[in-house]
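Enquirer: Mind looking over this structure? Questions follow.
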Amino acid sequence: MDWVVAIVGLVAGISLGIGITWLRGRDDSPGGVSADAEGTRERAEVEAQAQALTYREAEDAALDARRIDLQAVEDRLAQREATLEQRTANLTQREQILETRESEAAVLRAEADTLAEGARSELEEVAQFDSRAAKAALLERVEDEARREAMVVVRELELKAREEADRRARRILTTAIQRLAAEVTSDSTVSVVPLPSDDMKGRIIGRDGRNIKAFEAVTGVDLVVDDTPEAVTISTFDPIRREVARVALQNLVVDGRIHPASIEEAHTKAQSEVEQSVRDAGEWALLDVGVSRLHVEVVTLLGRLKYRTSYGQNVLSHSVEAAHVAGMLAAELGIDPAEAKRAALLHDLGKAVSHEVGGSHALVGAEIARRFEESAAVVHAIEAHHDEVEPRTLLAVITQAADAVSASRPGARRETLESYVRRLERIEEMAASFDGVDRVFAMQAGRDVRVVVDPGKISDLEAGDLARRIAKRIETNLQYPGQIQVTVIRELRSSAFAR
Numbered sequence: 020m021d022w023v024v025a026i027v028g029l030v031a032g033i034s035l036g037i038g039i040t041w042l043r044g045r046d047d048s049p050g051g052v053s054a055d056a057e058g059t060r061e062r063a064e065v066e067a068q069a070q071a072l073t074y075r076e077a078e079d080a081a082l083d084a085r086r087i088d089l090q091a092v093e094d095r096l097a098q099r100e101a102t103l104e105q106r107t108a109n110l111t112q113r114e115q116i117l118e119t120r121e122s123e124a125a126v127l128r129a130e131a132d133t134l135a136e137g138a139r140s141e142l143e144e145v146a147q148f149d150s151r152a153a154k155a156a157l158l159e160r161v162e163d164e165a166r167r168e169a170m171v172v173v174r175e176l177e178l179k180a181r182e183e184a185d186r187r188a189r190r191i192l193t194t195a196i197q198r199l200a201a202e203v204t205s206d207s208t209v210s211v212v213p214l215p216s217d218d219m220k221g222r223i224i225g226r227d228g229r230n231i232k233a234f235e236a237v238t239g240v241d242l243v244v245d246d247t248p249e250a251v252t253i254s255t256f257d258p259i260r261r262e263v264a265r266v267a268l269q270n271l272v273v274d275g276r277i278h279p280a281s282i283e284e285a286h287t288k289a290q291s292e293v294e295q296s297v298r299d300a301g302e303w304a305l306l307d308v309g310v311s312r313l314h315v316e317v318v319t320l321l322g323r324l325k326y327r328t329s330y331g332q333n334v335l336s337h338s339v340e341a342a343h344v345a346g347m348l349a350a351e352l353g354i355d356p357a358e359a360k361r362a363a364l365l366h367d368l369g370k371a372v373s374h375e376v377g378g379s380h381a382l383v384g385a386e387i388a389r390r391f392e393e394s395a396a397v398v399h400a401i402e403a404h405h406d407e408v409e410p411r412t413l414l415a416v417i418t419q420a421a422d423a424v425s426a427s428r429p430g431a432r433r434e435t436l437e438s439y440v441r442r443l444e445r446i447e448e449m450a451a452s453f454d455g456v457d458r459v460f461a462m463q464a465g466r467d468v469r470v471v472v473d474p475g476k477i478s479d480l481e482a483g484d485l486a487r488r489i490a491k492r493i494e495t496n497l498q499y500p501g502q503i504q505v506t507v508i509r510e511l512r513s514s515a516f517a518r
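Numbering (my numbering), first residue to last: 20 to 518.
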């Protein structure tokens, strides 16, 4: 609009100048006024148009610059608007997060109030206790929780270990047992000496019982002369003395001369024969098993096992059998069979010494082996085969397994009816002594113990722990052949009547 006004003013000025010039020319030369005025007017118009165009171009450039500035302002305003929208969205999101957190905080406050109320109730109860009672209650709670968690872990570990151990042990033991062919041996605690006739009984007794008294005094046995036809019985707890007495009496019967002097002579000769038999038995065991380089005293002690029995099983035969089993188990497990045979052959060496030596046969045997410079591994296997010492080596475990296989196979061992019944009664008494046990049944000759518990007192988790404790008590306090399986049965029955 400004440039239009400027152009109009410019045109008016040019026109006014042209008019004045024309009037002056007309006054000076009237004939040439018209031509000059026209030329001047045209020049004025051209100049005015040029100036107007220049001014217009300048104004257009100014307008373009202002338009660019306005566009930049609009762009900045649009960017600010977008930023404000983003901030608004962020604020909305934060508001939602705050609302969620407020809800969660309200839930947590409610839970905290509940816990605080419970704790307040417990504190009110504890406030009635003295310090000792409060400590006992706290310890009881911690103990119950720890026992429950420990039982869960123990059960999981037991299941995994049993699956793997049962599979491998079954394969290895089956292979070893199938390769073993052993005789069934059974000795008694008495020896019967046959006589050519019953008249020999009178000569054995002698005048006023002189001969029988001398025989019993020299040999240290009981000589039973009863109504058994053509036989007398020798009885003693020491099998070596019983064997010496048996040989001496047989020699006296064959010789026919029975009096105190001949009895002493026969006893001395019988001792020499039995000692030689003992050495022969020890050498036979070494050759049978394939063990060498044993001290002569150890060989003699090993031979004495020929005259020892355990539940009717000859101990020397049992040791030889266990040595063969140990060798096969060691071969299956990839360790030295010779050392395993040696440990198993000597594992019952402590049974060869007299009752005057105190201690269990496992520890006594280990001390003997140590004295005669057996290896530390063999000594440890001997002392650990009945768990008096915790087994720490694979050799010790193999010795335990071989001992158990030989002792528990069918026909290997027997026991008297009295000791059998007493053992079953003691098993049931020991199992019934635990709290929560309802009934106990010793089955399968005492090798399987079924324990029925009260489901209100014993939980499922506690049942496994109870079975282990019963088995440990039986193992600690009872002598028995083979092994005993303890099974705890927990059964909960609910019933109702429909009328």
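Note that beta-carbon positions come from the ideal geometry of N, C-alpha and C, so glycine has one too.
Starting from the N-terminal side, write out each stretch of the alpha helix (DSSP H) that is 4 residues or longer and does not extend beyond the stretch 271 to 349.
Expert: 279 to 308, 315 to 323, all fully within the stretch 271 to 349.
Enquirer: According to DSSP, is S521 helix, strand or coil?
Expert: Residue 521 falls outside the range modelled here, since the chain spans only 20 to 518, and no answer is possible.
Enquirer: Keeping to the same chain, check which residues put their C-beta closer than 8 Å to that of R298; ignore five residues upstream and five downstream.
Expert: Against the sequence shown, residue 298 aligns to sequence position 279. Closer than 8 Å at Cβ, skipping near neighbours: V318, T319, G322.
Enquirer: By how many angstroms is the C-alpha of R512 removed from the C-alpha of V470?
Expert: Position 451 of the sequence shown holds residue 470. Position 493 of the sequence shown holds residue 512. Cα to Cα, the separation comes out at about 17 Å.
Enquirer: Rounded C-beta distance between A359 and I417? I'm assuming under 8 Å.
Expert: By one-based count along the sequence shown, residue 359 stands at place 340. By one-based count along the sequence shown, residue 417 stands at place 398. Going by Cβ atoms, the distance from A359 to I417 rounds to 5 Å, so yes, they are a contact pair.
Enquirer: In this structure, does DSSP put A200 in helix, strand or coil?
Expert: Stepping through the sequence shown from its first residue, residue 200 is reached at position 181. Caution is warranted here: a pLDDT of 49 is assigned to A200, below 50, making its placement in the model unreliable, and the coordinate value is therefore given only provisionally. Looking at A200 - three-state DSSP - the assignment turns out to be coil, as it is neither helix nor strand.
Enquirer: Check the C-beta distance from A461 over to I446 and give it rounded, since I have them as a contact under 8 Å.
Expert: Counted from its first residue, the sequence shown places residue 461 at position 442. Counted from its first residue, the sequence shown places residue 446 at position 427. Yes, they are in contact, since the Cβ atoms of A461 and I446 sit about 5 Å apart, within 8 Å.
Enquirer: Could you tell me the distance, in whole angstroms, from the CA atom of A285 to the CA atom of L268?
Expert: Counted from its first residue, the sequence shown places residue 285 at position 266. Counted from its first residue, the sequence shown places residue 268 at position 249. If you take the alpha carbons of A285 and L268, they lie about 8 Å apart.
Enquirer: Relative to the C-alpha of R557, which residue among D163, E494, F256, S452 is closest?
Expert: For the chain, the structure presents residues 20 to 518; residue 557 sits outside this window and is missing.
Enquirer: Let me know the secondary structure DSSP gives A71 once reduced to three states.
Expert: For the purposes of this step, residue 71 is taken as residue 52 along the sequence shown, with counting starting at 1. In this structure, A71 counts as helix in the three-state DSSP scheme.
Enquirer: Closest to A403 by C-alpha separation, out of E283, A415, L443, would be which residue?
Expert: As a working note, residue 403 is residue 384 in the sequence shown. It is A415 whose Cα lies nearest to the Cα of A403.
Enquirer: Scan the stretch 366 to 451 and note each continuous alpha helix (DSSP H) run of 4 residues or more that stays entirely inside, going in chain order.
Expert: Whole alpha helix (DSSP H) segments, 4+ residues: 380 to 390, 395 to 402, 413 to 427, 436 to 451.
Enquirer: Of the choices A349, D227, D217, S210, whose alpha-carbon is the least far from that of T255?
Expert: Walking along the sequence shown from the start, residue 255 turns up at place 236. Closest option to T255, Cα to Cα, is S210.
Enquirer: Please classify I253: does DSSP put it in a helix, a strand, or coil?
Expert: On the sequence shown, position 234 is the one that residue 253 refers to. Three-state result, I253: strand.
Enquirer: Whole angstroms are fine: how far does the CA of R75 sit from the CA of E64?
Expert: Taking the sequence shown and counting its residues from 1, one reaches residue 64 at position 45. Taking the sequence shown and counting its residues from 1, one reaches residue 75 at position 56. The straight-line gap from Cα to Cα measures roughly 16 Å.
Enquirer: Just list the residues that DSSP pairs D241 with in beta bridges.
Expert: Numbered from 1 along the sequence shown, position 222 holds the residue referred to as residue 241. Its beta-bridge partners are S254.
Enquirer: What does a CB cutoff of less than 6 Å around P410 pick up in its chain, not counting 5 residues either side in sequence?
Expert: Stepping through the sequence shown from its first residue, residue 410 is reached at position 391. The answer, listed in chain order, is A403, V416.
Enquirer: Can you name the start and end residues of the alpha helix (DSSP H) that A222 belongs to?
Expert: Here residue 222 is taken as the residue at index 203 of the sequence shown, counted from 1. Rather than Ala, the amino acid found at residue 222 in this sequence is Arg. Here the alpha helix (DSSP H) through R222 covers 218 to 224.
Enquirer: With a threshold of 7 Å on Cβ separation, who are the neighbours of A388 within its own chain once the five nearest residues in sequence on each side are excluded?
Expert: Locating residue 388 in the sequence shown gives position 369, where the first residue counts as 1. Hits under 7 Å: L365, L368, V397, V398, I401.
Enquirer: Along the chain, where does the beta strand (DSSP E) containing A461 start, and where does it finish?
Expert: For the purposes of this step, residue 461 is taken as residue 442 along the sequence shown, with counting starting at 1. 456 to 462 is the span of the beta strand (DSSP E), which, as asked, contains A461.
Enquirer: By DSSP, does R229 sit in helix, in strand, or in coil?
Expert: Taking the sequence shown and counting its residues from 1, one reaches residue 229 at position 210. Reduced to three states, the DSSP call for R229 is helix.
Enquirer: Give the range of the beta strand (DSSP E) segment to which R509 is assigned.
Expert: Within the sequence shown, numbered from 1, the residue matching residue 509 stands at position 490. Segment 504 to 509, the beta strand (DSSP E) holding R509.
Enquirer: Short of 7 Å in beta carbon distance, which residues of its chain neighbour D473, apart from the five on each side in sequence? Order them along the chain.
Expert: Working through the sequence shown from its first residue, we reach residue 473 at position 454. Excluding residues within five positions, the ones whose Cβ falls inside 7 Å are G455, D457.
Enquirer: Which stretch, first to last residue, makes up the alpha helix (DSSP H) that contains P215?
Expert: If you number the sequence shown from 1, residue 215 lands on position 196. Per DSSP, P215 belongs to no alpha helix (DSSP H) and is neither H nor E.
Enquirer: Hey, out of Q332, V315, L497, L352, whose CA is closest to H405's CA?
Expert: By one-based count along the sequence shown, residue 405 stands at place 386. Checking every option, the nearest Cα to that of H405 belongs to L497.
Enquirer: Which value, in whole angstroms, describes the spacing of the CA atoms of K220 and K288?
Expert: Here residue 220 refers to the residue found at position 201 of the sequence shown. Here residue 288 refers to the residue found at position 269 of the sequence shown. Going by the C-alpha atoms only, they are around 22 Å apart.
Enquirer: Inspect the beta-carbon positions of A342 and A363 and report whether they are closer than 7 Å.
Expert: Here the question's residue 342 lines up with position 323 in the sequence shown. Here the question's residue 363 lines up with position 344 in the sequence shown. For A342 and A363, yes; Cβs fall inside 7 Å.
Enquirer: Distance, Cα to Cα, V424 vs R186?
Expert: Residue mapping note: residue 424 aligns to position 405 of the sequence shown, counting from 1. Residue mapping note: residue 186 aligns to position 167 of the sequence shown, counting from 1. Near 17 Å, if we compare the C-alpha coordinates of R186 and V424.
Enquirer: Measuring straight from C-alpha to C-alpha, what distance separates E118 and V126?
Expert: Translated into the one-based positions of the sequence shown, residue 118 becomes position 99. Translated into the one-based positions of the sequence shown, residue 126 becomes position 107. Taking the straight line from one Cα to the other gives about 13 Å.
Enquirer: According to DSSP, what are the bridge partners of V211?
Expert: Start at 1 with the first residue of the sequence shown, and residue 211 comes out as number 192. Paired residues: T252.
Enquirer: Between the stretch 267 to 281 and the stretch 230 to 240, are three or more C-beta pairs nearer than 8 Å?
Expert: Touching, yes.
Enquirer: To the nearest angstrom, how far is it from the Cα of G483 to the Cα of D241?
Expert: Walking along the sequence shown from the start, residue 483 turns up at place 464. Walking along the sequence shown from the start, residue 241 turns up at place 222. Approximately 51 Å, taken between the alpha carbons.
Enquirer: By Cβ distance below 8 Å, which residues in the same chain neighbour M170 in space, the five residues on each side in sequence not counted?
Expert: Within the sequence shown, numbered from 1, the residue matching residue 170 stands at position 151. Once the five neighbours on either side are set aside, the close Cβ partners of M170 are L480, E481, G483, D484.
Enquirer: Label G475 either buried or exposed according to how many other C-beta atoms from any shown protein chain fall within 10 Å of its C-beta, with 16 as the threshold for buried.
Expert: Mapped onto the sequence shown, residue 475 falls at position 456. G475 should be labelled exposed.
Enquirer: Per DSSP, what kind of secondary structure is W484 in: helix, strand or coil?
Expert: Start at 1 with the first residue of the sequence shown, and residue 484 comes out as number 465. The amino acid occupying residue 484 in the given sequence is Asp; Trp does not appear at that position. In this structure, D484 counts as helix in the three-state DSSP scheme.
Enquirer: Determine the burial state of P248: buried for a count of at least 16 other Cβ atoms within 10 Å of its Cβ, exposed for fewer.
Expert: Within the sequence shown, the letter at position 229 stands for residue 248. Answer is exposed; the Cβ neighbour count stays below 16.
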